[in-house]
Structures are given as structure tokens and as C-alpha cells.
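For the sequence shown, my numbering begins at 922 and goes up steadily by one. The C-beta atom is built at its ideal place from N, Cα and C for all residues, glycine as well. Remember, it's a predicted structure, so these values are computed and weren't measured experimentally.
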Amino acid sequence: MEEHMREDHRSKTRGEFPDLAARGTGSFSTGTGLLLIPGIFSLILLFSIDIITTDLILSLGGMELNRLMAGVVAYPVAHLALKGVVLIYIVGVCTWAEQRIARSGVTAMAVIVAFYVVVALHNMSVLHVMMMAGA
């Protein structure tokens, strides 16, 4: 039975927990994929903060430090569309990873959310400095 559970992560015996070390255990049917949902909502919030704060910084005379994004952030609709595409890509990759290796997608999502927390905090600190300087 244990060998069978390695291949099929869903436990057949009532009250028995699935083997989370087995390949493919991370999915929405087992519940581990549901851990991606808070990350998705966090990214939506963080992307919104990034777009709003970047637009405010630009309107106060600041500039985009990321050369790849400089042409995009000048147009808020394009910035929003790009963030939407990036969000869909991140969710797809994290879901795919979670279905193959348990907690891999959740871990990747946590790292990405942490990165965007830093981005949002940086933007807010730049806004604070600009407002204190009277820009």
C-alpha cells in the first residue's frame, strides 16, 4: 500500500494522511495548492501598490530605475497590462510546480511576494523622501 501511495498521493485509507514527499502531491485536490491563493492576492495587492506608487513618483519628477520598465511605466495602462500578464505567468508556473513537487510552487510564490514587498517598501520610502523634500 505504501508504494501505491508514492505514486498516487491521495490516501485510500480513511484518516491516513497523504505522503507529501511523493511526487505530484501539491495540487488543489489535496489542498496544498490552496496555499497559493493568499500569495496570488498578495501579488495583486503588491502589484497595485507598485503601479500606484511608481505613477506618483513619476508625477513628482522621479524616474524609473529599471531600464527595462522605463518605457512601460510612462503609460499606466501598459504598466497595468504588463503586471497582469506577469501575474498570470507567475500563477501558472507556481501552479505547475506545485503539481509536480509538493510545496515548490508555494515556496516560489513566497519568494516572489517577498521580492515585491521590498519593491513596494522601496517605492513608499522614495515617495516619503520626495514629499518631505517638497518635490
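N-terminal and C-terminal residue of the alpha helix (DSSP H) that residue i is part of
i       : result
Met1053 : 1025-1054
Leu957  : 957-980
Ala991  : 991-994
Closest by C-alpha distance to residue i, when choosing among the options
i       : options                            : result
Phe962  : Glu1019, His1049, Val1039, Ile1009 : Ile1009
Val998  : Ile973, Met1052, Leu955, Leu967    : Ile973
Met1051 : Ser980, Arg1021, Tyr996, Gly1005   : Ser980
Glu1053 : Arg1024, Ile978, Val994, Val1014   : One detail in the question is off: residue 1053 reads as Met in this sequence, not Glu. Of the candidates Arg1024, Ile978, Val994, Val1014, the one whose C-alpha sits nearest the C-alpha of Met1053 is Ile978.
Cβ neighbour criterion (16 or more within 10 Å) applied to residue i
i       : result
Phe1036 : exposed
Met984  : exposed
Asn1044 : buried
Ala991  : exposed
His1000 : buried
Residue i - partner residues in DSSP beta bridges
i       : result
Ile1011 : Answer is none; Ile1011 lacks a bridge partner.
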